[in-house]
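Asks:
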Amino acid sequence: MKLRSDQMVREIVIVGGGTAGWMTAAALSRKLAGTRATIKLVESAEIGTVGVGEATLPQIRDFNRMLDIDEAELMARTSATIKLGIEFRDWGRTGDQYIHPFGVHGETIGPADFHHYWSKENATADAGDFGRYCLAISAARKQHFDLPPDNPTSPLQAYSYAFQFDASLYAAFLADYAKQRGVERIEGKVVTVGTDGESGFIQSVTLESGQLIPGELFIDCSGFRGLLIEHEMETGFDDWSDYLPCNRAFAIPCKIVDPVGPYTRSTARAAGWQWRIPLQHRIGNGLVYCNRYMSDQDAVDMLTTSLEGEAIAEPKQLFFKTGKRKKLWNRNCVAIGLSGGFLEPLESTSIDLIQSGILSLTALFPEKRCASSDVDEYNRLMDLEFDRVRDFLMLHYVLNEREEPFWRDMRNIARPDSLSEKIEAFKRRAIVPQYDHGLFQPASWLSVFIGQNLLPETYDPRVDAMSDDDRTGHLARIRSTVESNVGRMPEHLAFIRKYRASFAGAQAGQA
Ligand code: FAD
């Protein structure tokens with residue numbers, strides 16, 4: 164970040180102390196260390212936080228690394244388990260199961276990509292489940308885990324991982340971090356916002372107590388209410404309910420019954436889907452549904468009667484509308500977190516979108532006048548992020564083969580051209596989407612295409628240059644290498660115990 168003299172923003176006010184607020188405060192306290200910038204965060208215990216958001220993506224490890232956070236400490240402090248991917252049950256036909264992993268399938272065995280060889284083998288013989296060629300999937304299924312090697316000698320050893328954690332503990336952990344680095348936390352409810360009549364820039368927020376907090380840059384982390392970006396600035400909202408119509412959820416934690424594996428689960432239900440996110444001390448469960456197809460009572464009954472262990476809280480209902488603000492940065496206000504938009508939690512993308520917002524903001528860290536070139540660039544990058552997540556989420560719905568009215572309608576839902584083109588390219592020629600900016604790389608698209616039974620009509624003709632015997636031999640060798648690598652890994656829970664102990668040991672050493 165290039166900071167230039169007194170033209171740069173010095174007074175930053177963050178409104179909201181949920182995951183978004185404290186991630187932003189922690190990152191800015193780190194990035195602006197040594198400058199004259201001050202950071203204040205206002206939060207209201209009376210209003211509270213949304214209280215969900217337990218599954219993450221591997222990119223969160225980059226965020227933690229940027230803050231110099233020790234992973235073993237993080238796991239100990241947030242009751243975290245490891246996440247190697249998401250298991251989707253019943254999303255194609257009832258009884259189907261596949262995992263979208265944080266790793267690749269197969270390795271290079273010829274000039275074409277691996278899945279073309281698998282496709283040919285699959286058409287002529289039994290190539291076996293595509294997941295058997297992926298170490299992250301095989302490890303998840305066996306409930307094994309170990310840290311990936313620093314220098315993998317083969318793509319078969321390359322995978323990544325994320326965490327399933329207690330989001331309120333993560334926010335508390337980052338709050339400690341940020342406060343130690345000078346962030347001032349102010350308790351109170353913002354009741355009025357002062358703006359400059361000419362520029363429309365926010366100049367201050369005032370609390371119920373009467374305290375006035377002036378600032379030059381305001382970061383709206385106030386959750387769904389979008390206190391600054393919408394209530395005050397009337398930025399407008401791109402409503403994507405026609406693409407992603409689920410609009411409600413119930414969430415409830417339960418006790419753990421069996422040893423938990425290193426993955427999140429999503430099970431398709433009559434008018435939505437149910438999540439299962441195992442932590443060290445409990446399992447987070449929730450049902451996401453569309454109220455045009457399922458009543459609240461049916462939803463809560465469906466969720467509470469399907470818990471594997473005793474419930475440890477009352478079900479909590481949440482309401483949302485999928486979409487995003489027309490501008491995530493408007494004048495001197497940047498919306499990060501739920502205030503900026505929400506695309507339902509199917510692929511655990513919200514915390515990652517928070518992270519993207521923070522990284523783009525620090526890269527474009529503004530002058531006081533918030534130059535329109537910086538604002539436009541930020542909005543362009545974030546729009547791209549949201550569009551790509553939207554298309555990937557929709558893919559799961561449009562490829563379903565279920566028979567309930569909700570699912571039949573989802574199959575035929577109007578879809579953006581950007582998604583239709585990707586589906587068509589894969590169906591006709593096994594071409595997988597690839598782009599530089601935004602979430603979800605080829606391995607992700609591939610796992611959902613194949614996992615939900617969209618098999619390509621043809622494969623890359625270069626595959627024919629390899630004899631059938633050679634191809635079958637390569638595939639058998641890859642399956643066996645994956646299996647033996649997974650066999651050598653410790654069990655997931657044994658790994659967590661050892662990892663946690665390494666943090667406790669380091670602490671004892673320091674005492
Ligand atoms: P909130 O948690 O709502 O925080 C808002 C803050 O603003 C609070 O501190 C509040 O006190 C403060 N505030 C509001 N108004 C005022 C005011 N007037 N004055 C002062 N303070 C104020 N994300 C994932 O990455 N993975 C998941 O698995 C996942 N699951 C989800 C499931 C559901 C059903 C939902 C709805 C969301 C899920 N999310 C998930 C999203 C995730 O919960 C959020 O992205 C994340 O918690 C960030 O929320 P936030 O900080 O933006 O908002």
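Under this note's numbering, the sequence shown has 590 at position 427, and the numbering climbs by one with no breaks. We put the CB at the ideal spot given by N, CA and C, even for glycine. Predicted, not measured: the structure shown is a model, and the values here were computed from it.
What are the start and end residues of the beta strand (DSSP E) that includes residue 416?
Replies: Note, residue 416: beta strand (DSSP E), 411–417.
Asks: Taking 6 Å as the limit between beta carbons, can you name the residues of its chain near residue 581, skipping five residues before and five after?
Replies: Answer for residue 581: 554, listed in chain order.
Asks: Pull up the distance between the alpha-carbon of residue 332 and that of residue 244, whole angstroms please.
Replies: So the alpha carbons of these two residues sit roughly 13 Å apart.
Asks: Residue 681 and residue 653 look like a contact to me (Cβ under 8 Å); what is the Cβ gap, rounded to whole Å?
Replies: Residue 681 is absent from the model: the chain starts at 164 and stops at 674.
Asks: Between which two residues does the beta strand (DSSP E) holding residue 636 run?
Replies: Taken as a continuous stretch (DSSP letters only), residue 636 belongs to no beta strand (DSSP E), being part of the alpha helix (DSSP H) at 631–650.
Asks: Please return the same chain residues whose Cβ sits closer than 7 Å to the Cβ of residue 681, not counting the five positions on each side in sequence.
Replies: Summary: the structure shown does not reach residue 681, with the chain confined to residues 164 through 674, and so no result is reported for it.
Asks: In terms of alpha-carbon separation, which member of 175, 592 and 593 lies closest to residue 376?
Replies: It is 175.
Asks: Would you check whether the ligand FAD has a heavy atom nearer than 7 Å to the C-beta of residue 481?
Replies: For the ligand FAD, at least one heavy atom lies less than 7 Å from the Cβ of residue 481.
Asks: Give me whichever residues DSSP pairs with residue 493 in a beta bridge.
Replies: BP columns for residue 493 point to 496.
Asks: Taking all protein chains shown into account, do 16 or more other C-beta atoms lie within 10 angstroms of the C-beta of residue 600, making it buried, or fewer, making it exposed?
Replies: With fewer than 16 other Cβ atoms within 10 Å, it is exposed.
Asks: Suppose you measure from the CA of residue 359 to the CA of residue 666; what does that come to, to the nearest Å?
Replies: Residue 359 and residue 666: Cα-Cα distance of roughly 50 Å.
Asks: Return helix, strand or coil for residue 538, following the three-state DSSP convention.
Replies: If DSSP states are grouped into helix, strand and coil, residue 538 belongs with the helices.
Asks: Determine the burial state of residue 194: buried for a count of at least 16 other Cβ atoms within 10 Å of its Cβ, exposed for fewer.
Replies: Classification of residue 194: buried, given that the 10 Å Cβ count is 16 or more.
Asks: Tell me which same chain residues have a C-beta within less than 7 Å of the C-beta of residue 474, skipping the five on either side of it?
Replies: Cβ neighbours of residue 474 beyond the five flanking positions: 415, 417 and 467.
Asks: Hey, out of 640, 254 and 398, whose CA is closest to residue 559's CA?
Replies: Of the candidates 640, 254 and 398, the one whose C-alpha sits nearest the C-alpha of residue 559 is 254.
Asks: Give the single residue among 307, 314 and 319 whose Cα lies nearest to the Cα of residue 675.
Replies: Outside the shown range of the chain (164 to 674) lies residue 675, about which nothing can therefore be said.
Asks: Taking all protein chains shown into account, do 16 or more other C-beta atoms lie within 10 angstroms of the C-beta of residue 363, making it buried, or fewer, making it exposed?
Replies: Counting Cβ neighbours within 10 Å, residue 363 comes out exposed, since fewer than 16 surround it.
Asks: Mind checking which residues open and close the alpha helix (DSSP H) that includes residue 263?
Replies: Taken as a continuous stretch (DSSP letters only), residue 263 belongs to no alpha helix (DSSP H), being part of the beta strand (DSSP E) at 260–264.
Asks: Using DSSP with H/G/I as helix, E/B as strand and the rest coil, what is residue 571?
Replies: Helix.
Asks: Where do the ends of the beta strand (DSSP E) carrying residue 170 lie?
Replies: Where residue 170 is concerned, there is no enclosing beta strand (DSSP E), given that its DSSP letter is neither H nor E.
Asks: Look at the alpha carbon of residue 546 and the alpha carbon of residue 487, and state the distance between them as a whole number of angstroms.
Replies: Each residue's alpha carbon lies about 9 Å from the other.
Asks: Under 8 Å: do the stretch 379–390 and the stretch 487–497 share three or more Cβ pairs, one atom per stretch?
Replies: Verdict: yes, contact present.
Asks: If we call anything under 8 Å between Cβ atoms a contact, is residue 140 one with residue 452?
Replies: What the structure shows of the chain is the stretch from 164 to 674, and residue 140 is not part of that stretch, so it cannot be assessed.
Asks: Report all residues from its chain with a CB closer than 8 Å to the CB of residue 352; omit the five preceding and five following residues, and keep chain order.
Replies: Same-chain partners within the cutoff: 207, 209, 210, 370 and 371.
Asks: To which residues of the same chain is residue 625 closer than 6 Å at the C-beta, ignoring the five residues directly before and after it?
Replies: Hits under 6 Å: 274 and 275.
Asks: DSSP puts residue 348 in a beta bridge; with which residues?
Replies: In DSSP, residue 348 forms a bridge with 204.
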